[in-house]
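Structure record follows, encoded as structure tokens.
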Amino acid sequence: MANQGNSRTTRILMIYTGGTIGMKESSAGMVPVSLDDLWEQLPDIGALPLELTLVSLERPMDSSDLRPEHWVQIGELIHRHSEDMDAFLVLHGTDTMAYSAAALSFMLQQLGKPVIFTGSQLPLGHPRSDAASHWMSALEVAMATRLDGLPRVPEISLYFNHVLYRGNRVRKLHAMGFDAFDSPNYPFLARAGTCIEYAEEAIGQGVPGNPFQQGNHNWFPALDNGIISLKLFPGLRPELWERAMNNPTVKAVLVEAYGAGNIPADEALINVFKAFVQRGGHLIALSQCVGGQVDLTRYQSGRRLLDLGAISGMDMTYEAALTKTMHLLGIGSSSFREAFAHSIAGEMGS
Ligand code: ASP
59 MANQGNSRTT RILMIYTGGT IGMKESSAGM VPVSLDDLWE QLPDIGALPL
109 ELTLVSLERP MDSSDLRPEH WVQIGELIHR HSEDMDAFLV LHGTDTMAYS
159 AAALSFMLQQ LGKPVIFTGS QLPLGHPRSD AASHWMSALE VAMATRLDGL
209 PRVPEISLYF NHVLYRGNRV RKLHAMGFDA FDSPNYPFLA RAGTCIEYAE
259 EAIGQGVPGN PFQQGNHNWF PALDNGIISL KLFPGLRPEL WERAMNNPTV
309 KAVLVEAYGA GNIPADEALI NVFKAFVQRG GHLIALSQCV GGQVDLTRYQ
359 SGRRLLDLGA ISGMDMTYEA ALTKTMHLLG IGSSSFREAF AHSIAGEMGS
């Protein structure tokens, strides 16, 4: 851990996990550099009134290598420093950033402090890189306080391309564009122009309890990945799905259905789902659409899932629904269905 200290001061813990922001070319393609190499390239924070503590995952990685145990490592750092830090910055690859931000929102509840994920589409060293502006703007968000001294954005958020999003509402929608992320079902939390404008009406909304309260957070490191996710397509063969769903270690199945949560009138498929629910599995209905929400009462084809006992994913992103399921299975929730239907961290509308 390296300290770049100065007098007063927002105390920020920056956790470097890897990702394009800190990558360089190699003969095998782009690979992450070490924290020391990254630090040399980051723009000088100059006279900013902050005290920055830097820490890295043991091995910075492409975020496609990230697993739930890395979320536990990131969360553990934040949990451990929840009292002695004012804000947290997570430098992360874009590929799985939406999963990590959503997972952390369930694992660390009621923190009352900013946790900002950011990364970039081009590495810091590239002349057209978006990295430096993401880093500086994320720091500015981390330092921003209201008149009463409380942080302006006490949420797990994600900053990218001039916009601050709620972390568990965001999806990576573009592989190449600088506008890699969007949050189709929730408004942005802030937008950066020459000034950063905060959307007060969106910040903290839909999060149970007082989102500004500090000193009383809950840390839930347990995650259970006994989950499969299945995307419907015309012509799917239910007997292939049946094999996967019959595995006794599978506790939940995320079904990416069509539109508002519709499935075909395929008796074999319905029987596979029925058997899974009857043995106590959680069948979760999501939509393949990016915006809008699941409504299993709208069409006869949606009622099929409802009649089977499926649980609606409402307007949650795939990433939020998946990590919420891992969290609820991990804590051994006795009322999974009920817990899933309620907002834990602002991940869904009412
Ligand atoms: N493959 C990279 C990663 O997710 C992509 C990026 O960071 O933009 O780590």
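If you read the sequence shown in my numbering, its first letter stands for residue 59, the second for the next number, and so on.
All residues carry an ideal CB built from backbone N, CA and C; glycine is no exception.
Asp-324 and Leu-162 have their C-alpha atoms roughly 38 Å apart. Contact annotation, Gly-170 with His-275: C-beta distance approximately 7 Å; criterion of less than 8 Å satisfied. In terms of side-chain proximity, the C-beta atom of Thr-176 is found no nearer than 7 Å to any non-hydrogen atom of ligand 1. With contact defined as three or more Cβ pairs closer than 8 Å, the stretch 280-289 and the stretch 387-397 are in contact. Shortest gap from the CB of Ser-114 to any heavy atom of ligand 1: 7 Å or more. Between the alpha carbons of Ser-215 and Gly-104 lies a gap of roughly 25 Å. Exclusion of Gln-99 from the 7 Å shell around ligand 1 follows from its C-beta lying no nearer than that to any non-hydrogen atom of the ligand. Here Val-130 has Pro-279 as same chain residues with Cβ atoms under 6 Å from its own Cβ, once five neighbours each way along the sequence are excluded. Across the structure, Ile-136 and Lys-230 are spaced so that their CA atoms are roughly 24 Å apart.
Secondary structure of Asp-144 (DSSP, three-state): coil. Contact check for Ile-402 against Arg-362 fails: the beta carbons are separated by 8 Å or more. No residue range can be given for Ser-391, since it is assigned to no beta strand (DSSP E) and is classified by DSSP as neither H nor E.
Remark: C-beta atoms of His-220 and Arg-186 do not approach each other more closely than 8 Å. Comparing alpha carbon positions, the residue from Asn-329, Thr-176 and Lys-309 closest to Ile-286 is Lys-309. The three-state secondary structure of Ser-215, taken from DSSP, is strand. By the C-beta density criterion, Asp-142 is exposed, having fewer than 16 other C-beta atoms within 10 angstroms.
Between Gly-151 and Thr-78, the C-beta gap is smaller than 8 Å, which places the two residues in contact. Judged by DSSP in its simplified three-state form, Ser-163 adopts helix.
Three or more beta-carbon pairs separated by less than 8 Å are not found between the stretch 187-204 and the stretch 364-383, which leaves the two stretches without contact. With a cut-off of 7 Å, the C-beta of Ser-122 is classified as near ligand 1, since at least one heavy atom of the ligand falls inside that distance.
Short note on Gln-131: C-beta not closer than 7 Å to any heavy atom of ligand 1.
Within the model, the alpha-carbon separation for Asn-304 versus Leu-380 is close to 19 Å.
Spatial neighbours of Tyr-316 in its own chain (CB-CB distance under 7 Å, excluding positions within 5 residues in sequence) are listed in chain order as Leu-290 and Gln-346. Of the heavy atoms belonging to ligand 1, at least one sits nearer than 7 Å to the Cβ of Asp-153. By the criterion of a C-beta distance shorter than 7 Å, Thr-203 is surrounded in its chain by Pro-209 and Arg-210, once the five residues flanking it on both sides are discounted. The beta-carbon separation of Tyr-217 and Thr-176, rounded to 5 Å, stays under the 8 Å limit for a contact.
Within the DSSP bridge table, the entry for Arg-229 names Asp-240 as partners. Gly-360 is classed as buried because its beta carbon has at least 16 other beta carbons within 10 Å across all chains shown.
Within a 10 Å sphere around the beta-carbon of Ala-333 sit fewer than 16 other beta-carbons, which makes this residue exposed.
Checking the 7 Å criterion, the Cβ of Gly-77 is within range of a heavy atom belonging to ligand 1. Under DSSP, Leu-222 shares a beta bridge with Tyr-217 and Ala-248. Taking the Cβ of Gln-167 as the reference point, every heavy atom of ligand 1 lies at 7 Å or farther away.
It is roughly 32 Å from the alpha-carbon of Ser-121 to the alpha-carbon of Ser-408. It is roughly 31 Å from the alpha-carbon of Pro-245 to the alpha-carbon of Leu-112. Nearest to Trp-97 by alpha-carbon distance, out of Met-72, Ala-399, His-232 and Val-335, is Met-72.
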